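For the sequence shown, our numbering assigns the number 141 to the initial residue and increments by one for each residue that follows. Where is the CB? At the ideal position from N, CA and C, for every residue including glycine. Note that this is a predicted model, so its numbers are computed, not measured. The block underneath contains the structure these notes are about, expressed in structure tokens.
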Amino acid sequence: MRHLAGRAVMTDADRPTRPALPARRARGAWLALALLTLANVSGFVDRQVLSLLVEPIRHDLSLTDTQVSLLMGLGFVVVSSTLALPMGRVADTRSRRGLLAAGAAAWSLATTLTGLARGYGQLLVARMAVGAGEAALQPGAISLLADLFPPAQLGRAMSVYTLGTFLGSGIAYVLGAWGIAFAAEHLATWPVLGAVRPWQSVYLLVGLVSFVVAPLLLLVREPPRRETARVPVRAVAAYVRAHADAVVPLSLGFACSAAVNYGIAGWLATFFVRTHGWSAARAGVLQGSLTMTVGVLGALGGGWLSDRLVRRGRVDGPLLVGVVGALGMLVCAGAYPLLASATAAAVLLVPVNVFAALPWGPANAAMAELMPERMRGQGAALMLLVVNLVSGALGPTAVALATDRLFGGAAGLRYALSTVSVVGMLLAAGLLLAARGPFRRTVRGA
141 MRHLAGRAVM TDADRPTRPA LPARRARGAW LALALLTLAN VSGFVDRQVL
191 SLLVEPIRHD LSLTDTQVSL LMGLGFVVVS STLALPMGRV ADTRSRRGLL
241 AAGAAAWSLA TTLTGLARGY GQLLVARMAV GAGEAALQPG AISLLADLFP
291 PAQLGRAMSV YTLGTFLGSG IAYVLGAWGI AFAAEHLATW PVLGAVRPWQ
341 SVYLLVGLVS FVVAPLLLLV REPPRRETAR VPVRAVAAYV RAHADAVVPL
391 SLGFACSAAV NYGIAGWLAT FFVRTHGWSA ARAGVLQGSL TMTVGVLGAL
441 GGGWLSDRLV RRGRVDGPLL VGVVGALGML VCAGAYPLLA SATAAAVLLV
491 PVNVFAALPW GPANAAMAEL MPERMRGQGA ALMLLVVNLV SGALGPTAVA
541 LATDRLFGGA AGLRYALSTV SVVGMLLAAG LLLAARGPFR RTVRGA
């Protein structure tokens, strides 16, 4: 322990450490990380492809912006978040590999069924089913990775896993753009199904390809649990209550950050179409390219920065990275919608993508460090519940409601995006700063 400016700072020597992994176990850990990242890619392709298909779906099914936002957000996340809690319980007590494989098979089937929907009700039910399958992913993956990697490498491992978010979203945007461009030339015909709408073809293709992920996840080797006793649900609830001053602002802070990210992801292509007269295909290519390149660099940079801060004795390093990301987004995401030039807006989206991606590996690492080992799956599920409910309720839907109610309809989308970004990131930065002290005390006490 060393002392700076009258305060004690924990160093690496003061923190509980695990020995370096043997070479064979290290290879197994990195293989598991690669497969889990692939699963995350698949999940986010299935989740995010909708954002590029807004206009054709609205046109074909005569929907409002608010109805579409429910498909993007609340209709998906209520099921995903609620089921994450029992899935976290399963991850803490049973086979995480089996849980992940079953979840991947379920969300792939549901995505395929989305392509068969013939009305808004069927589409909403199919989206809810996708959320049910994806409820298994986060609790199972975070619990596995926290057992596979030592604390000094956990930020980077979580950031690599988080790459799936940005690679999957980028692929979804590009696929959606391809589907829109293809639709202008062709009416797709599928065996047995006959002629289907172009957006339905995109969903059928994505769902069928996703089925490959489930059997691959069975190759993940389940690491031995260092603690095997089952923890009663009441004990998990008691731990969360005892450390609510850390758990609550941490979860809500990252949730506000996610709400802004999902709002932008859901409406960015539509913003370029409405404000700057771009085609949806052109907007999708821009959005996908930035997400898969700059977003990936931001995610990796966030993990590297978090681990560096932790090694230098900053136990709250993951939260500091979250604050940096929120402040960067406040400035850049608040500004790009208001620029008169489409080119200038596109250029400013480069730092937007960096700052948007920065916190998410550290966010998962923070929750893994905050929770005892036997509760990590349930801790991850709890954070997923908060993040998803807040981002689902206040992300795409907040942008849509601000567009419809505050700024006079479709042309006001640019002002809605700016307003939601500024307000959301102010809340995120404030909550994460408030969580730092309780987080440090909890982790050191553990």
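Quiz item: Considering only the beta carbon of each residue, do residue 382 and residue 435 sit closer than 8 angstroms?
Solution: 8 angstroms or more divides the Cβ of residue 382 from the Cβ of residue 435.
Quiz prompt | Contacts around residue 152, its chain only, beta-carbon distance under 7 angstroms, and the 5 residues preceding and following it disregarded | solution = Caution is warranted here: a pLDDT of 40 is assigned to residue 152, below 50, making its placement in the model unreliable, and the coordinate value is therefore given only provisionally. 451, listed in sequence order.
Practice problem: Rounded to whole angstroms, what's the CA-CA distance from residue 422 to residue 287? Just pull it up for me. | Solution: Straight-line measurement puts the Cα of residue 287 at about 43 angstroms from the Cα of residue 422.
Exercise. Check the C-beta distance from residue 527 over to residue 395 and give it rounded, since I have them as a contact under 8 angstroms.
Key: Contact flag correct, Cβ pair sits at about 4 angstroms.
Quiz item: Nearest to residue 445 by CA position, among 488, 455, 461 and 433, is which residue?
Solution: When only C-alpha atoms are compared, the closest one is 461.
Quiz item: From residue 200 to residue 181, what distance separates their C-alpha atoms?
Solution: A straight-line Cα-Cα distance of about 28 angstroms links residue 200 and residue 181.
Quiz item: Just how far apart, CA to CA, sit residue 266 and residue 584?
Solution: Residue 266 and residue 584: Cα-Cα distance of roughly 44 angstroms.
Exercise. Indicate whether the contact test is met: 3 or more Cβ pairs, each with one atom in the stretch 459–477 and one in the stretch 423–432, closer than 8 angstroms.
Key: Because the criterion of three Cβ pairs below 8 angstroms is not met, the stretch 459–477 and the stretch 423–432 do not touch.
Quiz item: Quick one, which of 392, 351, 552 and 353 has its alpha-carbon nearest residue 569's?
Solution: Closest option to residue 569, Cα to Cα, is 392.
Quiz item: To the nearest angstrom, how far is it from the Cα of residue 564 to the Cα of residue 520?
Solution: Their backbone Cα atoms lie some 22 angstroms apart in a straight line.
Self-check item: Alpha-carbon to alpha-carbon, residue 207 and residue 282
Solution: When rounded, the distance between both Cα atoms is 32 angstroms.
Quiz prompt | Classification of residue 270 by the beta-carbon crowding that lies within 10 angstroms, buried from 16 upward | solution = In summary, residue 270 is buried, with 16 or more beta-carbon neighbours lying within 10 Å of its beta-carbon over all protein chains present.
Quiz prompt | Neighbour-count burial assignment, residue 362, 16 or more Cβ in a 10 Å radius | solution = It is exposed - the Cβ of residue 362 has fewer than 16 other Cβ atoms within 10 Å.
Practice problem: Identify which residue in 560, 551, 514 and 535 has its Cα closest to the Cα of residue 234. | Solution: Out of 560, 551, 514 and 535, 514 has the C-alpha closest to the C-alpha of residue 234.
Practice problem: State the DSSP-derived secondary structure class of residue 581, mapped to helix, strand or coil. | Solution: DSSP, reduced to helix, strand and coil, places residue 581 within a helical segment of the structure shown.
Exercise. Quick one: using the 10 Å Cβ neighbour count with 16 as the cut-off for buried, is residue 378 buried or exposed?
Key: Classification for residue 378: exposed.
Quiz prompt | Length-filtered (4 minimum) alpha helix (DSSP H) runs lying within the stretch 348–434 | solution = With a minimum length of 4 residues, the continuous alpha helix (DSSP H) runs that stay inside the stretch 348–434 are 353–357, 373–382 and 384–416.
Practice problem: Count the other CB atoms, across all protein chains shown, that sit within 10 Å of the CB of residue 577; report buried if there are 16 or more and exposed otherwise. | Solution: So residue 577 counts as exposed.
Self-check item: Buried versus exposed call for residue 550 [16 or more other C-beta atoms within 10 Å across all chains shown]
Solution: By the neighbour-count criterion, in which 16 or more other beta carbons inside 10 Å mark a residue as buried, residue 550 falls on the exposed side.
Exercise. Just the C-alpha distance for residue 506 and residue 346, rounded to the nearest angstrom, thanks.
Key: Straight-line Cα distance between these residues: approximately 32 angstroms.
Quiz item: Mind checking whether residue 411 and residue 193 have CB atoms under 8 angstroms apart?
Solution: Result no, Cβ atoms of residue 411 and residue 193 do not sit closer than 8 angstroms.
Quiz prompt | Under the three-state DSSP convention, the category residue 186 falls into | solution = It is helical.
Exercise. Answer yes if the stretch 173–187 comes into contact with the stretch 341–356, meaning at least three C-beta pairs across the two stretches below 8 angstroms, and no otherwise.
Key: Verdict: yes, contact present.
Exercise. Apply the 10 Å Cβ neighbour rule to residue 217 and answer buried if 16 or more other Cβ atoms are within range, or exposed otherwise.
Key: Residue 217 is buried by the Cβ-count criterion.
Quiz item: Taking the runs of the alpha helix (DSSP H) that are 4 residues or longer, which of them lie wholly in the stretch 204–278?
Solution: Secondary structure remark: continuous alpha helix (DSSP H) runs of at least 4 residues inside the stretch 204–278, in chain order: 205–212, 214–233, 236–254 and 260–274.
Quiz item: Under a three-way DSSP split, which group does residue 453 fall into?
Solution: In the structure shown, residue 453 sits in coil (DSSP, three-state: anything other than H, G, I, E or B).
Quiz item: In this structure, does DSSP put residue 507 in helix, strand or coil?
Solution: In the structure shown, the three-state DSSP call for residue 507 is helix.
Quiz prompt | Buried versus exposed, by CB contacts within 10 Å (16 or more), residue 536 | solution = Residue burial is scored here from C-beta neighbours: residue 536 has at least 16 other C-beta atoms within 10 angstroms and is therefore classed as buried.
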